[in-house]
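Residue numbers (the working numbering): 63 to 353. Ideal Cβ positions, reconstructed from N, Cα and C, are used throughout, including at glycine.
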Amino acid sequence: MTCSGVVLEELKTLALFAEEGSIQKVAQRLPLTQPAVTRQIQRLEEMLGTELLDRRLKPSRLTPAGVEVLARGKDILAAVDALRSFAKGDEPEGLLRLGLAHGLCDKAVAAAIGDAVARFPKVSLRLKSGWSLELADQHKRGQLDFAFILDGSNSKPGDGVVGTEALGIIAAENTSRQADVKTMPWVLSPEPCDARRRLAAALAEGGHRLMVGAEIQDSALQIDWVRRGQGLGLLPRRLLREKLPEGIALVDAPGLELSLRIVVLRSPHLHLLREVADAVTEAVTATVRAD
């Protein structure tokens, strides 16, 4: 193998480490022994004259220099792949790592993603759900190729906004008329839930504090707890268009603006997978904007 070929392999190993987070998992993916993987990263460090991993941490993580080398290394790997694909005329193939905010994990969005990816038989999907802050961090570290997150901040809309997720307030049907969003407890997901953070901010804007009566991760259990009259809840309004859950009613809350921007984060290194990411983005956008 040529010197340039060795460097490419070492850059691939560094990219795998950023994705997997451990030498052991990288060794399983390649496959190589763990000492062999360690030597590859050490050779790259020696060649560049800088430490790429902070080995004081358990498990080790990329240093600031490692994050920068990873980004530049991905540019190099993408350029090489582009040359190979140009010569062979390849169709999209490989692993697409997609992050999806918990609030967008429903049947309609899942079907849109599945149908879009199915158009590319050589592409496999790794779908990771999580809270938006977590997914944004993983995308920044190169562990996700792209991600759909929810942004409830008051900052000006930037690039990547593909829609808005309006939230509806729900209550037990027999208590909805007396529901007071300013004083009643809420049944919500644990922090750092995207909808919960937006609700807390909206209440604070009116001088009120968020009172959490119950923290429940599962949405079906949340609805059941609300149905029992244990507090108010939140659900995306697009999921309530056709039919409300049994025993549940919408609560009118004038002046309480509850919406989240849907933002797509995309890696600049997608190359052949860019077409797949475009198809997924188009499908998800159409789903969340549907009337």
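Discussion item. To test your reading of the DSSP string, which unbroken beta strand (DSSP E) runs of 3 or more residues are found completely within the region 150-182?
Written reply: 156-163
Fill in: Three-state secondary structure (DSSP) of I278
Correct three-state label for I278: coil.
Discussion item. Here's the rule I'm using: 16 or more other beta-carbon atoms within 10 Å means buried, otherwise exposed. How should K396 be labelled?
Written reply: A query on residue 396 cannot be resolved here, the shown segment of the chain reaching from 63 to 353 and no further.
Worksheet entry | Any 3 or more C-beta pairs closer than 8 angstroms across the region 158-165 and the region 178-189 | yes
Discussion item. Strictly by DSSP, which residues pair up with G192?
Written reply: Checking the DSSP bridge columns, you'll see G192 partnered with A163.
Discussion item. Within a Cβ cutoff of 6 angstroms, which residues of the same chain sit near L197, ignoring the five residues on either side of it in sequence?
Written reply: G161, A209 and I211
Worksheet item: Given a threshold of 16 other Cβ atoms within 10 Å of its Cβ, counted over all protein chains shown, does M63 qualify as buried or as exposed?
Response: Note that M63 scores a pLDDT of 49, beneath 50, so its modelled location is shaky; the value from the coordinates is reported in the next line. M63 is exposed by the Cβ-count criterion.
Worksheet entry | N-terminal and C-terminal residue of the beta strand (DSSP E) that R290 is part of | Counting along the chain, R290 falls outside any beta strand (DSSP E), and DSSP gives it neither H nor E.
Worksheet item: What does a CB cutoff of less than 6 angstroms around A178 pick up in its chain, not counting 5 residues either side in sequence?
Response: A341, V342 and A345
Worksheet item: Between which two residues does the alpha helix (DSSP H) harbouring R105 extend?
Response: That run of the alpha helix (DSSP H) goes Q96 to L110.
Worksheet item: Just checking my contact of A311 with A233 at CB under 8 angstroms: how many whole Å lie between their CB atoms?
Response: The beta carbons of A311 and A233 sit about 6 angstroms from each other, so the pair counts as a contact at 8 angstroms.
Practice prompt. Taking only the alpha-carbon atoms, compute the straight-line gap between Q240 and L302 and give it to the nearest angstrom.
Written response: Looking at the two C-alpha atoms, the distance is approximately 21 angstroms.
Practice prompt. Tell whether a beta-carbon distance below 7 angstroms holds between P298 and E235.
Written response: Taking a C-beta distance under 7 angstroms as the contact criterion, P298 and E235 do not qualify as a contact pair.
Discussion item. Among the candidates E267, S281, T237 and E308, whose CA atom is the shortest distance from the CA of G291?
Written reply: T237
Fill in: Range of the contiguous alpha helix (DSSP H) that encloses T347
R336 to R351
Worksheet item: Going by the C-beta, is V88 closer than 6 angstroms to any heavy atom of the ligand PLP?
Response: No copy of the ligand PLP appears in this structure; indeed no ligand is present at all.
Discussion item. Tell me the rounded alpha-carbon separation between L106 and E72.
Written reply: 6 angstroms
Discussion item. Output needed for S122: all residues of its chain with C-beta closer than 7 angstroms, excluding positions within five of it in sequence on either side, in chain order.
Written reply: L115 and D116
Worksheet item: Could you give the residue range of the alpha helix (DSSP H) that holds R260?
Response: R260 -> alpha helix (DSSP H) spans D256 to E267.
Item to complete: For D81, collect the residues of the same chain with a Cβ closer than 8 angstroms to its Cβ; drop the 5 residues on either side in sequence, then sort them by chain order.
Response: Here the sequence assigns Glu to residue 81, which means Asp is not the residue at that position. Answer for E81: R159, G204 and Q205, listed in chain order.
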